[in-house]
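> Submitted below is the structure of interest, expressed as structure tokens.
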Amino acid sequence: MSKVVLGIERISEFESLFKGKRVGLITNPSGIDSNYVASADIIAEKATLKALFAPEHGVRGDIQAGVKLDSYKDPKTGVIVHSLYGNTRRPTKEMFEDLDIIAYDIHDAGARFYTYPFTMAYCMEAAKEYNKEFVVFDRPNPVGGEKVEGNILDMNFRSFIGYYPITQRYGLTIGEMAKLFNEEYGIGCKLTVVPMKGWQRSMDFEDTGLPWVFLSPNLPTNDSSYAFLATCIFEGTNISEGRGTTKPFQIVGAPFINPELLAEKLNELKLPGVHFRSLYFTPTFSKHQNALCGGVEMYVLDRKKFEPVRTGWNMLYMIRKLYPKEFEVNKPYVEGKPCMLDYNTGSDYMKNDIYTIKELEVILSKESKEFDQIRKKYLLY
5 MSKVVLGIER ISEFESLFKG KRVGLITNPS GIDSNYVASA DIIAEKATLK
55 ALFAPEHGVR GDIQAGVKLD SYKDPKTGVI VHSLYGNTRR PTKEMFEDLD
105 IIAYDIHDAG ARFYTYPFTM AYCMEAAKEY NKEFVVFDRP NPVGGEKVEG
155 NILDMNFRSF IGYYPITQRY GLTIGEMAKL FNEEYGIGCK LTVVPMKGWQ
205 RSMDFEDTGL PWVFLSPNLP TNDSSYAFLA TCIFEGTNIS EGRGTTKPFQ
255 IVGAPFINPE LLAEKLNELK LPGVHFRSLY FTPTFSKHQN ALCGGVEMYV
305 LDRKKFEPVR TGWNMLYMIR KLYPKEFEVN KPYVEGKPCM LDYNTGSDYM
355 KNDIYTIKEL EVILSKESKE FDQIRKKYLL Y
């Protein structure tokens, strides 16, 4: 039996909230209870489910990163699925027209560059605009609820992977995040968070007793969610972040990298809680598809000591130092706009290479403390 009771498992305690209301649910495969029952099925039984909303990767998780989808009918429930990762990422008035409550139940990754919390933010803004209630079924943060790490997003680099001025690692549950968005950043919708029971901020996900579900096609394990915080920034460069391997985000590299040299230099930094193993790998898709790459596998030895954002920035800094001619920052998708590295890091520090790594670490430490003071107002546990 799980130690933690999820928000969705407490729906009967909030029966009055849903009585006589037409519900639209934003969910994906991670929206299940401790008995593996999908949240959509639970709501269909306990309330009137009228629509589903699909974020990136779709309701069933069968769409790869960045692939757009259109609205369709869910074969299992028979209700309409409105896409929030197609021509529009914001729900339209028509999508909300026949609904009274918009509910959200998706397992978060605990990282700013994860798109789902900002899907939630867009839907909260729409709920305010169209006078709908918004309900969040709370879930654990898989990388814990104690640590805050990273620089605060510079709003010049606002995007779908960084919509509000928060740090990369924010140490909030998705329900607490909703409260932060609603109150600190002024959305002001009619919000109810259905809290968990039994969750403690110090818990690793394994401590909860809950089943783990792929958070997205490239976040298959809880280990990968810790690695994601460190290495997602490589998306904005010509370095593979391990997509197309069995350990996405835990492996990084490129054809021009000497793996033994990189592992040696990174281990010399003595970054807390982590070790780097040299390896060769060949991605089956994405960057450097079918090309032999040299690189490192990142082993998180102690999650409590591990500082993923600092680690990722040191990795990128070291690769650029060792391979200044080969390393490249990818060009912007749209000319004149910020590049992906800017969006992922929430700044242009890394792209412009104007600070030493020690100066960058000072920025990370200072802004982590600043955001920690803000987020403390919204803690539920």
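Just so you know, we're using the numbering used here here: the sequence shown kicks off at 5 and counts up by one.
We treat Cβ as the ideally placed atom computed from N, Cα and C, and that holds for glycine.
(1) Tell me, please, whether the stretch 152 to 166 touches the stretch 185 to 196 by the rule of three or more beta-carbon pairs shorter than 8 Å.
(2) Kindly list the residues whose CB is nearer than 7 Å to the CB of G166, restricted to its own chain and excluding five residues on each side of it in sequence; keep chain order.
(3) Are the stretch 137 to 145 and the stretch 9 to 23 touching, with three or more C-beta to C-beta distances below 8 Å?
(4) From what residue to what residue does the beta strand (DSSP E) around E301 run?
(5) Checking 7 Å against the spacing of the C-beta atoms, do F289 and T249 come in under that value?
(6) Mind checking whether P312 and S229 have CB atoms under 7 Å apart?
(7) Less than 7 Å between the beta carbons of L56 and D78, yes or no?
(8) Measuring straight from C-alpha to C-alpha, what distance separates S372 and L326?
(9) Would you mind stating whether I105 and V27 have Cβ atoms separated by less than 7 Å?
(10) Which residues mark the beginning and the end of the alpha helix (DSSP H) in which K355 is found?
(11) Any idea if E180 is buried or exposed, counting beta-carbon neighbours within 10 angstroms, 16 or more meaning buried?
(12) Among E301, F375 and L270, which one has its Cα closest to the Cα of I361?
(13) Do I110 and S34 have their C-beta atoms closer together than 7 Å?
(14) Looking at the structure shown, is D109 part of a helix, part of a strand, or coil, going by DSSP?
(15) Does A58 pass the burial test, meaning 16 or more other C-beta atoms within 10 Å, or should it be called exposed?
(16) Tell me whether the beta-carbon of P252 lies closer than 7 Å to the beta-carbon of A295.
(17) From E330 to G257, what distance separates their C-alpha atoms?
(18) For a test of the three-state rule: what should DSSP assign to A51, helix, strand or coil?
Answer, in terms of the structure:
(1) no
(2) R116, F117, L157, Y347 and G350
(3) yes
(4) C297 to V304
(5) no
(6) no
(7) yes
(8) 28 Å
(9) yes
(10) Y353 to N356
(11) buried
(12) L270
(13) yes
(14) strand
(15) buried
(16) no
(17) 12 Å
(18) coil
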